[in-house]
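Residue numbers (this note's numbering), protein chains in the order written: chain Y, 216 to 402; chain D, 216 to 402.
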């Protein structure tokens, strides 16, 4: 039943938007009582969080697969950046409801967002550590400083509101910025 | 009279917002006829452009002064980034009307914005060229590629909508990202 509510909510949000929908309207549209929804979800946001979490897990799977598709750390940086931009643009722009949920999620730092950002940071760190071990990357700069700056450079292409302002850069930015990051990592 | 209309409009926008104000309301508030405003300005946006232009020229003066305060190109990169963030945060957050005008200006690429972005790009290029001549920076990567990627890294801290989403990074980002840029520029 939980999954059915989420699926029905997703369809409803797609047509009517996430922001404007109330739990009452949602219950009416699904054909169940508001109380029944509250048996499974504490709030509209709780439903939104499940949708958001599914969406971010999908991006996570895609970028992890892109990174795993090579064992050359410099190339992993390129693939991570490219996959992240491609997946995010596709998911946020394909359905207005997802974009609205993503904006709410990013603005209020919903738990799935915090988890996702941690995952991306961990992926970056894994690549940098591997690259340092193999001698592909320099080792003088503190690891956390290097990872934090790479994350800051990638972040504008993960965040839904920022990404929307960056859509005209989306074609060239992953390549240009990956090359820039790799120059900064040169031993 | 032109200047007086702009000054009165700025005060009016400060209290009532830019987006919601019409030229009729503006005329009424200033105590002149709508036709008289149209003698000087083709639209509300034309007034907004003057305010926007003044605001961007102020940022431009501050960042140019910051760059001119040293002749060491690596330090110029740091000062440019820091001054840009400090000025932008101050201007966009000090008055709601400026933020609203900045958002409209950035979304629709008003002429003063195009000019301002060109100025920042030119400043970056001047610094990189000087640093290459002095041997501070590497010369292998094509100049336009280096400048484009530095601009892409700085851009999220110039753009009003993006900057608003980045406010929690504003303390550490200029330092971290300047260091990152300088590592990428190392000869």
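Even for Gly, the Cβ is constructed at its ideal location relative to N, Cα and C.
Since this is a predicted model, take the numbers as computed values, not measurements.
- Alpha carbon of residue 221(D) to alpha carbon of residue 229(D), nearest angstrom: 12 Å
- Task: Please confirm whether residue 265(Y) and residue 321(Y) have their CB atoms less than 8 Å apart.
- Result: no
- Task: Determine, using beta carbons only, whether residue 385(Y) and residue 329(Y) come nearer to each other than 8 Å.
- Result: no
- Flag residue 315(Y) as yes if its beta-carbon sits less than 8 Å from any beta-carbon of chain D, otherwise no. no
- Message: Suppose contacts are defined by Cβ-Cβ distances below 8 Å. Is residue 295(Y) in contact with residue 274(Y) by that definition?
- Response: no
- Item | Same chain, Cβ closer than 7 Å to residue 379(D), five either side skipped, listed in chain order | none
- Under the three-state reduction of DSSP, which class applies to residue 401(Y): helix, strand or coil? If DSSP states are grouped into helix, strand and coil, residue 401(Y) belongs with coil.
- Message: Here's the rule I'm using: 16 or more other beta-carbon atoms within 10 Å means buried, otherwise exposed. How should residue 236(Y) be labelled?
- Response: buried
- Query: Are there three or more Cβ pairs, one per stretch, closer than 8 Å when the stretch 255-269 of chain D is compared with the stretch 334-349 of chain D?
  - Reply: no
- Leaving out five residues before and five after residue 313(D) in sequence, what residues of the same chain have Cβ atoms less than 8 Å from its Cβ? Answer for residue 313(D): 266, 270, 306, 307, listed in chain order.
- Buried or exposed (CB count within 10 angstroms, at least 16 for buried), residue 276(D): exposed
- Query: Do we get a CB-CB distance below 8 Å when we pair residue 376(Y) with the residues of chain D?
  - Reply: yes
- Query: Can you give, in chain order, each stretch of the alpha helix (DSSP H) that sits fully within the stretch 297-341 of chain Y and has at least 4 residues?
  - Reply: 311-322
- In chain D, which residues lie less than 9 Å from residue 294(Y) when you measure between Cβ atoms? Correct list: empty, because the minimum Cβ distance to chain D is about 18 Å.
- Task: Leaving out five residues on either side along the sequence, give the residues of the same chain with a beta carbon under 7 Å from the beta carbon of residue 292(D).
- Result: 342, 393, 396, 397
- Message: For a contact defined as C-beta to C-beta under 9 Å, what are the partners of residue 319(Y) on chain D?
- Response: Per Cβ cutoff of 9 Å: no residues; residue 319(Y) is ~13 Å from chain D at best.
- Message: If I follow the unbroken alpha helix (DSSP H) through residue 354(Y), where does it start and stop?
- Response: Residue 354(Y) -> no alpha helix (DSSP H), and no H or E assigned at all.
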